[in-house]
Each structure stands twice: as structure tokens, then as C-alpha cells.
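*Asks:* Before we start, here is the structure in question, set down as C-alpha cells.
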Amino acid sequence: MNKLLRKFIVLISFCFLFIFSACASLQNSVLTAEEEEVFFPPSSYIPDDFIWQEVCPGIAFFDFENSDFPVIYHAVRIQLETEGLEILTFPDSDFVEEKYIKGDIHEPYVFKSISTKAFAKNNKCNVAMNLTPYIKADLFSKRRLSGVYIDKGNELSQPHDSYSALVINRSSKGFIANLVLSQTPQAFLDCDYAFGGFFTVLEKGQVQENFVRRYDSRSGAGITADGRTLYLLVVEGEKPGKSRGLSYPQCGQIFRAMGCSDALEFDGGGSSELCINGCSVLSYRVLHRQANSFGFKVK
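The sequence shown runs 1061 to 1359 under this note's numbering.
See below:
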């Protein structure tokens, strides 16, 4: 009897392992564009309609969840010409200048980081998101940005020409945005704000397909053709059983469906974070301290 029981347990364990491995293999595998279309068609992650909920005048958010996919993501729409709209950043140029004067910073473009959540709460942002990729400058909280970062016209990190960037400038009616495909110094002349990211996923309405189909947490931004509306997108992927993340082209599809003409991806993975009114909207706690963040609030 004991021998039969042991065989039964071994058989059940083998079956469970096989099923689990098959699911994990599909989830973690690298798919072709054709396979992605079959296994994860756009209808599984793009709704028939985006129902926006107001956060404050000019800012609205949208949450999406499909437990069959499974995927969870969060989007924000910001009307850049909204009266009283402010852009907040960390680190900002005033903070960096003060630290240099005090001697706390001895190396260019290296900052002691704080989390996007702490930044959002401290500055009472209506919305805040993480931004630029980075490398660790020490074993603790110092970060060095990998790409351009300009705050109020002051360059706090140099361009990385392999990557794209979001540029926001002041206009007579508020702000206007555009997307830079390659971070060259010439692209940021007379620039108010520039936030370096990774790659462009939507260009002039065309989803960029030349990416390996890997699925992870994502943070990105898109703009309308007139540059007057900014969209933020954060995809959950740190708990794959609940949300498996999305590929770059899938993010491009969502941005296009929301009405964007151009979009790029920022630092993703464990750094992805989105906060509304100082609180994270993600279903899990983000443990990373992001290198830099930006936020918006309306007076």
C-alpha cells in the first residue's frame, strides 16, 4: 500500500511539474510576432473603449485587468494646456546645485535616489511616474542616469544616442511635448525638460515591431500628434501569476489605441511605478528606489 501511495504521489508530482513548466515556458518564452498575435491577440489587452476617471481638472486615469491573459496596467491622460498645471521633478536642478555647493555631490550626474512614491507624496503630485534607466553608483542608494535628463533648462545627465527621449517645453498656453528618437545634443537645444528613456515603440502612428517579444513590467509615455496631450502607461509584471507584463510592441498598440501618434518606453521591470495623489496604484509593493521621477499637479 505504501509503495502504491508513493508511486501515486510521484505521478501526481510529475504531472503538476509538467503543467507548471508548460505554463511557465509559455509565459517566459520569447515569441515571434506571429506567435504573439496568436497567443495574445490585441483584444486580450486592448479594451473596446477607454473609460477615463478624473483625478483633477486636466488629469484622468484608466485601469485595465484581464485575468485570463493575465495582465494589469494603468494609464493616465494629461492635458498639457490645463490652467495651473505644474511639472515636478526629482532630482531637480535646485536640489543638485545645493548639493554641489554643500559638497554632498562630488561626481557629475550621480544622485542619491528616493522612490517615486516618496517623491509623489512629498510633492503632493496628482500623478507621478518613474523615468530614466540607471546604473547603481554604489551599494546603497546612489544612482547614475543612463541618458539625457534636463530640468528647467539645466542638463543633469548627458544624452545617450542609442535611446529615445520625451521633451516637454513651455508654451503660451501651458506645455507642449514631442518625442526625440535619438538623444543627440542638438535635439535638446533650448529645451525646458527632457526625460531619457529606452526605445520608441510608436512612431507617427506606426507600432515598432523590431523587438524581441519579452514580457515584463513597463513604464512608458506617449503623445498626441499636436503634442498637447500626454499619456502615461505602467504595466504590472512582477507577479506573473497575476499580471505577466507586456512586450514593447504590445505597449505601442495600447498607446495607439489611446490616441497617441508617438510613444517610448522608460525604465521598466522592478522600477516601474505609478502614483495617483501620492499613493501607488500597483497591486504590489515596489521595492526599488528609482533614479528619477516626474510628476504633475494642478493648482
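Cβ atoms here follow ideal geometry from the backbone N, Cα and C, with glycine treated the same way.
1) Would you mind working out which of K1359, S1153 and R1274 sits nearest G1329, comparing C-alpha positions?
2) Taking Cβ to Cβ, would you say K1181 is nearer than 8 Å to G1338?
3) Which residue or residues does DSSP assign as beta-bridge partners of E1333?
4) Is the beta carbon of S1222 less than 8 Å from the beta carbon of V1208?
5) Tell me, which residues are paired with I1236 by DSSP?
6) Measure the CB-CB distance between F1354 and P1309 and report whether it falls below 8 Å.
7) Going by CA-CA distance only, name the one from F1122, F1124, S1201 and K1184 that's closest to V1352.
8) Considering only C-alpha positions, which residue in the set Q1350, V1358 and K1359 is nearest to I1195?
9) Contact between the region 1249-1256 and the region 1286-1293: three or more CB pairs below 8 Å?
10) Return helix, strand or coil for F1122, following the three-state DSSP convention.
11) Which residue's Cα is closest to the Cα of I1147: C1116, V1090 and I1228?
12) Using the three-state DSSP reduction, which class does Q1218 fall into: helix, strand or coil?
13) Flag this pair as yes or no: are the beta carbons of I1106 and Q1246 separated by less than 8 Å?
14) Quick check: what's the CA-CA separation for G1280 versus G1265?
15) Based on the DSSP secondary-structure assignment, which residues constitute the bridge partners of M1189?
16) Distance, Cα to Cα, I1174 vs D1286?
17) Can you tell me the Cβ-Cβ gap for V1115 and V1187, rounded? I've got them flagged as a contact below 8 Å.
18) Grouping DSSP H, G and I as helix and E and B as strand, with all else coil, what is C1311?
19) D1198 to R1204, Cα distance in whole Å?
20) For S1324 versus S1224, is the C-beta distance shorter than 8 Å?
21) For R1230, is the classification buried or exposed, using 16 other Cβ atoms within 10 angstroms of its Cβ as the cut-off for buried?
22) Pull up the distance between the alpha-carbon of K1233 and that of D1322, whole angstroms please.
23) Are S1153 and N1214 close, meaning C-beta to C-beta below 8 Å?
24) According to the neighbour-count rule (16 or more other Cβ atoms, all chains shown, within 10 Å of its Cβ), is G1118 buried or exposed?
25) Determine the closest residue to D1211 out of Y1344, T1149 and V1240, with distance taken between C-alpha atoms.
26) Helix, strand or coil, according to DSSP, for T1176 in the structure here?
27) With a threshold of 16 other CB atoms inside 10 Å of the CB of D1327, please say whether the residue is buried or exposed.
28) In its own chain, which residues sit with a C-beta less than 6 Å from the C-beta of F1235, not counting the 5 before and 5 after it?
29) What's the C-alpha gap between T1142 and E1095?
30) Out of curiosity, what's the CA-to-CA distance linking L1226 and V1240?
31) Using 10 angstroms around the beta-carbon of K1359, count the other beta-carbons present and answer buried if the total reaches 16, otherwise exposed.
32) What ranges does the beta strand (DSSP E) occupy inside the region 1090-1156, keeping only unbroken runs of at least 3 residues that lie completely in it?
*Replies:* Reading from the atomic positions:
1) Locating residue 1329 in the sequence shown gives position 269, where the first residue counts as 1. The closest CA to that of G1329, considering only K1359, S1153 and R1274, is found on R1274.
2) By one-based count along the sequence shown, residue 1181 stands at place 121. By one-based count along the sequence shown, residue 1338 stands at place 278. In this structure, G1338 lies closer than 8 Å to K1181 by Cβ.
3) Here residue 1333 refers to the residue found at position 273 when the sequence shown is read from its first residue. Answer is none; E1333 lacks a bridge partner.
4) Taking the first residue of the sequence shown as position 1, residue 1222 is located at position 162. Taking the first residue of the sequence shown as position 1, residue 1208 is located at position 148. Their beta carbons are not under 8 Å apart, which means S1222 does not touch V1208 by this criterion.
5) The count along the sequence shown starts at 1 and reaches residue 1236 at position 176. Note: I1236 sits in a beta bridge opposite N1229.
6) If you number the sequence shown from 1, residue 1354 lands on position 294. If you number the sequence shown from 1, residue 1309 lands on position 249. Their beta carbons are not under 8 Å apart, which means F1354 does not touch P1309 by this criterion.
7) Within the sequence shown, the letter at position 292 stands for residue 1352. Here residue 1352 turns out to be Asn, not Val, going by the sequence shown. For N1352, the closest of F1122, F1124, S1201 and K1184 by C-alpha to C-alpha distance is S1201.
8) Translated into the one-based positions of the sequence shown, residue 1195 becomes position 135. Comparing Cα positions, the closest option is Q1350.
9) These segments do not touch.
10) As a first step, residue 1122 is located in the sequence shown; it is residue number 62 there, counting from the start. Strand at F1122.
11) Counting from 1 along the sequence shown, the entry for residue 1147 is found at position 87. When only C-alpha atoms are compared, the closest one is I1228.
12) One-based indexing of the sequence shown puts residue 1218 at position 158. Q1218 carries a coil assignment under DSSP once its states are collapsed to helix, strand and coil.
13) Position 46 of the sequence shown holds residue 1106. Position 186 of the sequence shown holds residue 1246. Here I1106 is not near Q1246, since their CB atoms are 8 Å or more apart.
14) Here residue 1280 corresponds to residue number 220 of the sequence shown, with the count starting at 1. Here residue 1265 corresponds to residue number 205 of the sequence shown, with the count starting at 1. One C-alpha to the other measures close to 16 Å.
15) For the purposes of this step, residue 1189 is taken as the residue at position 129 of the sequence shown. BP columns for M1189 point to L1334 and F1354.
16) The sequence position of residue 1174 within the sequence shown is 114, counting from 1. The sequence position of residue 1286 within the sequence shown is 226, counting from 1. When rounded, the distance between both Cα atoms is 33 Å.
17) The residue labelled residue 1115 in the question sits at position 55 within the sequence shown. The residue labelled residue 1187 in the question sits at position 127 within the sequence shown. Between V1187 and V1115 the Cβ distance is about 6 Å, and since that is below 8 Å, they are a contact.
18) By 1-based counting over the sequence shown, the position of residue 1311 is 251. Helix.
19) Numbered from its first residue, the sequence shown carries residue 1198 at position 138. Numbered from its first residue, the sequence shown carries residue 1204 at position 144. D1198 and R1204: Cα-Cα distance of roughly 9 Å.
20) Stepping through the sequence shown from its first residue, residue 1324 is reached at position 264. Stepping through the sequence shown from its first residue, residue 1224 is reached at position 164. This sequence places Leu at residue 1324; Ser is not what is there. For L1324 and S1224, yes; Cβs fall inside 8 Å.
21) In the sequence shown, residue 1230 corresponds to position 170, counting from 1. When all chains shown are included, R1230 counts as exposed.
22) As a first step, residue 1233 must be located in the sequence shown, where it is residue number 173. As a first step, residue 1322 must be located in the sequence shown, where it is residue number 262. As the crow flies, the alpha-carbon of K1233 is around 21 Å from that of D1322.
23) Here residue 1153 refers to the residue found at position 93 when the sequence shown is read from its first residue. Here residue 1214 refers to the residue found at position 154 when the sequence shown is read from its first residue. Closer than 8 Å, so yes.
24) Along the sequence shown, read from residue 1 onward, the residue named residue 1118 stands at position 58. So G1118 ends up on the buried side.
25) By one-based count along the sequence shown, residue 1211 stands at place 151. Cα-wise, what sits closest to D1211 is T1149.
26) To locate residue 1176, count along the sequence shown from 1; it is residue 116. T1176 falls in the helix class under three-state DSSP.
27) What you label residue 1327 is simply residue 267 of the sequence shown in a count that begins at 1. Within a 10 Å sphere around the beta-carbon of D1327 sit 16 or more other beta-carbons, which makes this residue buried.
28) If you number the sequence shown from 1, residue 1235 lands on position 175. In the same chain as F1235, and ignoring 5 residues on each side of it, the C-beta atoms closer than 6 Å to its own belong to L1140 and I1228, in chain order.
29) Within the sequence shown, residue 1142 is the residue found at index 82, counting from 1. Within the sequence shown, residue 1095 is the residue found at index 35, counting from 1. Distance between the alpha carbons of T1142 and E1095: 42 Å.
30) Translated into the one-based positions of the sequence shown, residue 1226 becomes position 166. Translated into the one-based positions of the sequence shown, residue 1240 becomes position 180. Distance between the alpha carbons of L1226 and V1240 is about 6 Å.
31) Against the sequence shown, residue 1359 aligns to sequence position 299. It is exposed - the Cβ of K1359 has fewer than 16 other Cβ atoms within 10 Å.
32) Every beta strand (DSSP E) of 3 residues or more that sits fully in the region 1090-1156 is shown, in chain order, as 1113-1116, 1119-1126, 1131-1139 and 1145-1150.
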